[in-house]
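Participant: Protein chains in written order, with the working numbering: chain A, 567 to 948; chain B, 7 to 98. Cβ coordinates follow ideal geometry from the N, Cα and C atoms, glycine included. Model, not experiment: these values are computed from the prediction. Submitted below is the structure of interest, expressed as structure tokens.
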Amino acid sequence: MKRKSDVVIIGGGVNGCSIAYNLAKKGLDVVLFEKNYLAAGATGACGAGIRQQWSTRENALLAIQSVKIFERLNRILGQDIEFRQGGYLIAVHDSQGMEQAKKNVTMQRSLGLKVNILQPEEIPKVAAILDVNGMRVIGATFCPTDGHANPFKTTFAYAHAARNYGAEINTHTSVVGLKVAGKAIRTVVTDKGTIHTDVVVNAAGIDSKEIAKMAKVNLPLKPFRKEIMATERLAPLFEAMVISFKDGIYFSQQKEGQIVGGIPIPEETEGYKTMPTFAFLQHMSQTLTRYAPVLKHVNLLRHWTGFYDVTPDARPILGVVKDVKGFIQCNGFSGHGFMISPMVSKLLTDLIAEGKTSEVLESLSLDRFKGKVTEKELSVVG
Amino acid sequence: MKRSIVCRCEDISEEDVIQAIEEGYTDIEELRKKLRIGMGPCQGRVCIQLVARILERKTGKKISKIPLPTVRPPLVPVSLGTLACENDEKEI
Ligand SMILES: Cc1cc2nc3c(=O)[nH]c(=O)nc-3n(C[C@H](O)[C@H](O)[C@H](O)COP(=O)(O)OP(=O)(O)OC[C@H]3O[C@@H](n4cnc5c(N)ncnc54)[C@H](O)[C@@H]3O)c2cc1C
Ligand code: FES
Chain A
567 MKRKSDVVII
577 GGGVNGCSIA
587 YNLAKKGLDV
597 VLFEKNYLAA
607 GATGACGAGI
617 RQQWSTRENA
627 LLAIQSVKIF
637 ERLNRILGQD
647 IEFRQGGYLI
657 AVHDSQGMEQ
667 AKKNVTMQRS
677 LGLKVNILQP
687 EEIPKVAAIL
697 DVNGMRVIGA
707 TFCPTDGHAN
717 PFKTTFAYAH
727 AARNYGAEIN
737 THTSVVGLKV
747 AGKAIRTVVT
757 DKGTIHTDVV
767 VNAAGIDSKE
777 IAKMAKVNLP
787 LKPFRKEIMA
797 TERLAPLFEA
807 MVISFKDGIY
817 FSQQKEGQIV
827 GGIPIPEETE
837 GYKTMPTFAF
847 LQHMSQTLTR
857 YAPVLKHVNL
867 LRHWTGFYDV
877 TPDARPILGV
887 VKDVKGFIQC
897 NGFSGHGFMI
907 SPMVSKLLTD
917 LIAEGKTSEV
927 LESLSLDRFK
937 GKVTEKELSV
947 VG
Chain B
7 MKRSIVCRCE
17 DISEEDVIQA
27 IEEGYTDIEE
37 LRKKLRIGMG
47 PCQGRVCIQL
57 VARILERKTG
67 KKISKIPLPT
77 VRPPLVPVSL
87 GTLACENDEK
97 EI
């Protein structure tokens, strides 16, 4: 382990690893610490859906620009991340939902996104297994360039490429302390030794709150437990990710043929409990077989839990904090931090390597929670 | 060349495992996620011990120190139709 570096990154999820890659490529000396193995946190548990249909402009922008990067990522990183664009179909159930959907579509189109409003009879053309009556829809929105990638392969590909550019990635190494002096980051303490640096990136997922406390910074993050399930493998049935903000469900068929999906647990509370529940299984299978009755005959194989790191406005916390120089936040993704990771890591790299800030970074800084009312992201599932 | 299968459910051979270890996937969870070993219907009851042993041989990490993945419910495959039944008493 090195004793000194330009930047220390805490967390080996998709965000930590992609920042490590981007910074190392710019020639910075980068060290990353992951307390477990790579993608051990939310990244390894996630649905890895990639959606550009958001209600806030900056999430839509981040996602649209990220898709442009995902489209080239196999070539850039030299490994297959299994990125596929089967589209996202968002079910709309009532006139209120349709009103919001139209508003979203207008904003998304103004950013150049191809997205359509579908009539109920057009829905089975996108995914023949869907039952419009069971879904109780009056329409849907569909964006054909939304999609999915393999979260583990993406993280590993970033880590691999980062190492090729000289980054040091230490797994099974926990950060246990941060030393601040003169209002600036000086030292990172791990269970395997200390390292001096001027810049620390806090990309520790739900543990980011604990990390921030080490520098006496308070992050408004709450962990929310989420369950997700996978069925046995089936022949290819449909390509789109199907979601509903009202029912909270999301599901898609993955490359290997299994259907993966989730839904909020009925009596959900914040906290760290990890045991999967029967309530989830029942609620999920009832809703899923209502949307796609043929799936009744399909076996569920596995079911697991992960955590969303949720902020008060469901938007991430990115960039500098006022009180501690060199302490960069990259957390609070509130359940959609995989799909925007290419752009998030690019913006943070520009900030760290060149001191360049941007409109998006400004609007997502920790400072936004001081006093002002912020615009909440409404298009959240799971 | 003859392949010796370690994970029957996902059709992964010893050679596949060794290649992945050589590419830097040196944690049982990393191997599991890369190769999908242990993600088949038996959830790794057949293969995980074998993979742990190969990992031990290749990396010198002691097997008792290799954390084994958790088996995830349900323990046997159940149909979504069964799970969706309101009053079903079936245990998972
Ligand atoms: C069920 C589920 C479904 C989801 N579906 C989607 C989806 O469809 N699309 C999407 O975009 N997003 C989805 N998400 C959200 C997405 O998974 C996360 O936002 C994203 O993976 C966050 O990545 P990260 O790198 O920021 O954090 P993480 O992947 O959580 O990584 C943080 C890492 O930090 C490490 N760490 C913690 N503390 C320390 C310490 N003290 N020292 C060293 N290391 C430490 C952890 O071990 C962990 O590996 C989903 C999440 C869940 C739970
Ligand atoms: S043999 Fe590997 S999962 Fe069944």
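So, with DSSP's three-state summary, where would you put serine 10 of chain B?
Facilitator: In the structure shown, serine 10 of chain B sits in coil (DSSP, three-state: anything other than H, G, I, E or B).
Participant: By the criterion of Cβ-Cβ separation under 8 Å, what are the contact partners of serine 85 of chain B in chain A?
Facilitator: Residues of chain A passing the Cβ test: Lys862, His863, Val864, Asn865, Leu866.
Participant: Three or more C-beta pairs under 8 Å: does that hold for the segment 884-902 of chain A against the segment 797-804 of chain A?
Facilitator: Segments in contact, no.
Participant: Does the beta carbon of glutamate 62 of chain B sit closer than 8 Å to a beta carbon anywhere in chain A?
Facilitator: Output row for glutamate 62 of chain B: interface = no.
Participant: Within the 8 Å Cβ cut-off, does threonine 737 of chain A reach chain B?
Facilitator: At least one chain B Cβ lies under 8 Å of threonine 737 of chain A.
Participant: Could you check where the alpha helix (DSSP H) with tyrosine 857 of chain A kicks off and where it finishes?
Facilitator: Its alpha helix (DSSP H) spans residues 844-857.
Participant: Here's the rule: buried if 16 or more other CB atoms are within 10 angstroms of the residue's CB, otherwise exposed. What is asparagine 588 of chain A?
Facilitator: So asparagine 588 of chain A counts as buried.
Participant: Could you have a look at aspartate 22 of chain B and say whether DSSP puts it in helix, strand or coil?
Facilitator: Aspartate 22 of chain B: helix per DSSP, three-state reduction.
Participant: Output the distance between the C-alpha atoms of isoleucine 576 of chain A and arginine 38 of chain B, rounded to the nearest integer angstrom.
Facilitator: Answer to the nearest angstrom: the Cα atoms are 24 Å apart.
Participant: Rounding to the nearest angstrom, what Cα-Cα distance links glycine 582 of chain A and arginine 59 of chain B in this structure?
Facilitator: Near 31 Å, if we compare the C-alpha coordinates of arginine 59 of chain B and glycine 582 of chain A.
Participant: Which chain C residues are close to lysine 40 of chain B, counting only those with a beta carbon under 9 Å from its beta carbon?
Facilitator: No chain C appears in the structure shown, which is made up of the protein chains A and B.
Participant: Around the Cβ of asparagine 699 of chain A, are there at least 16 other Cβ atoms within 10 angstroms (buried) or fewer (exposed)?
Facilitator: Classification for asparagine 699 of chain A: exposed.
Participant: With DSSP as the reference, label glutamate 793 of chain A as helix, strand or coil.
Facilitator: It is a strand residue.
Participant: Taking C-beta pairs closer than 9 Å, name the residues in chain B that glycine 921 of chain A reaches, listed in chain order.
Facilitator: Within 9 Å Cβ-Cβ: nothing; glycine 921 of chain A doesn't reach chain B, min ~33 Å.
Participant: Is it buried or exposed, glycine 593 of chain A, if we count other Cβ atoms within 10 angstroms and call 16 or more buried?
Facilitator: Flag for glycine 593 of chain A reads exposed.
Participant: With a cut-off of 8 Å, does the C-beta of alanine 606 of chain A fall near any C-beta of chain B?
Facilitator: Cβ-Cβ to chain B under 8 Å: yes for alanine 606 of chain A.
Participant: Within 10 angstroms of its Cβ, does arginine 638 of chain A collect 16 or more other Cβ (buried), or is it exposed?
Facilitator: So arginine 638 of chain A counts as exposed.
Participant: May I have the straight-line CA-CA distance separating isoleucine 630 of chain A from threonine 622 of chain A, to the nearest angstrom?
Facilitator: Cα-Cα distance, rounded: 12 Å.
Participant: Can you tell me the Cα-Cα spacing of methionine 567 of chain A and asparagine 736 of chain A, whole angstroms?
Facilitator: The alpha-carbon atoms of methionine 567 of chain A and asparagine 736 of chain A are separated by roughly 8 Å.
Participant: What residue does the alpha helix (DSSP H) around phenylalanine 722 of chain A start on, and which one ends it?
Facilitator: Element bounds for phenylalanine 722 of chain A: 717-730.
Participant: What does DSSP give as the partner residues of asparagine 736 of chain A in its beta bridges?
Facilitator: Beta-bridge pairing links asparagine 736 of chain A to A:Phe599.
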